[in-house]
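Residue numbers (the working numbering): 397 to 447.
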């Protein structure tokens, strides 16, 4: 599954700058439909980005 630079930048901003958890990030953009569903990573993937 490929993630675009736009999503990665957005997720990084939410997790690093806004201190949102990966669960919050995933839920936020799923609810608002900010990105195509094919771009939605699992929370496990998002937690992996933190490490």
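Backbone N, C-alpha and C fix where the C-beta goes; we use that ideal spot for every residue, glycine too.
Around the Cβ of residue i, are there at least 16 other Cβ atoms within 10 angstroms (buried) or fewer (exposed)?
i           : result
residue 430 : exposed
residue 415 : exposed
In angstroms with no decimal places, state the Cα-to-Cα distance between residue i and residue j.
i           : j           : result
residue 406 : residue 425 : 10 Å
residue 439 : residue 422 : 7 Å
residue 432 : residue 403 : 10 Å
residue 442 : residue 419 : 8 Å
residue 444 : residue 434 : 18 Å
Let me make sure I understand the geometry here. Which of the options has the alpha-carbon closest to that of residue i?
i           : options       : result
residue 401 : 415, 436, 440 : 436
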